[in-house]
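For reference, the structure is listed below as structure tokens.
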Amino acid sequence: MLSNGASPPSTAEPFWFCLKAQPKREHLAATGLRKQFNVTCFAPRLRARKLTRRGAVWFIEAMFPCYFFAQFDYLNQRRAVEHAPGVRGLVQFGDRLATIDAATIDGLRRRMQADEIVTIDPELKVGQEVQIAHGPLQGLEVLVTQLLPASERVRVLLEFLGRSVQMEVSKTTLIQRRLPAIS
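Numbering-wise (our numbering), the sequence shown opens with residue 198 and increments by one.
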């Protein structure tokens, strides 16, 4: 048993551990560990459009808020990792440390783009309800009735003043009502 109450992994080989980070500082803590202690880290992030007052804006957020993963030799590097800037500690379940197998980390990494980011920009589909993100009709919900791929536009059905009106709008002015779940 160690002084912090956690049982170490049975071998000295590096394991992937789940670390708790300060809010909105996951990727900064991972970058610090990489540079300062040469620790292999993985802090996946999501890039998605959200509707704001100024229209649709791209945001980048942690895939696992307040958590990231690091691979290191527990017996030799634990103290340095736990006390690194932005790290709040190792995730534990009772006296058991949270470890992740390398195959799971590799599976997540294969879905990532550069800088450990995955972009969520799902394709619009006929019959899908979306919102107009900016312009004079901002915030109105419309129904996609036809995709016009050559011009990067879509035809939508808008309920306006008690009647249905079809209009063409740019795909970039539309945003999905909520983000889809990642599979």
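Ideal placement from N, C-alpha and C gives every residue a C-beta, glycine not left out.
- Message: Starting from GLN268, trace the beta strand (DSSP E) in both directions and tell me its first and last residue.
- Response: Its beta strand (DSSP E) spans residues 264-269.
- Message: Let's see if you can read the secondary structure: which residues bound the beta strand (DSSP E) around GLU365?
- Response: Annotation for GLU365: the continuous beta strand (DSSP E) segment containing it runs 360-367.
- Task: Under 6 Å Cβ to Cβ from PRO262, same chain only, skipping five residues before and after it: list those, please.
- Result: Apart from sequence neighbours up to five positions away, no residue of its chain approaches PRO262 with a beta-carbon distance below 6 Å.
- Message: Within a Cβ cutoff of 6 Å, which residues of the same chain sit near GLN268, ignoring the five residues on either side of it in sequence?
- Response: Non-local C-beta neighbours of GLN268 in its own chain, meaning closer than 6 Å and more than five positions away in sequence, comprise PRO211, TRP213, THR237, ordered along the chain.
- Task: Using the DSSP secondary-structure output, state which residues sit across from PHE239 in a beta bridge.
- Result: BP columns for PHE239 point to PHE266.
- Give me the Cα-Cα distance between ARG231 and ILE302, rounded to the nearest whole angstrom. Distance between the alpha carbons of ARG231 and ILE302: 17 Å.
- Would you kindly check if the distance between the Cβ of GLN274 and the Cβ of PHE234 is under 8 Å? Yes, they are a contact pair.
- Item | C-beta contact flag for LEU243 and ILE317 at 8 Å | For LEU243 and ILE317, yes; Cβs fall inside 8 Å.
- Roughly how many angstroms separate the alpha carbons of SER361 and THR369, rounded to a whole number? Spanning the two alpha carbons is a distance of roughly 22 Å.
- Query: Which residue's Cα is closest to the Cα of VAL341: GLN310, GLN373, ARG222?
  - Reply: With distances taken between Cα atoms, VAL341 lies closest to GLN373.
- Item | ARG307, enclosing alpha helix (DSSP H) - first and last residue | From DSSP, the alpha helix (DSSP H) with ARG307 extends over 299-307.
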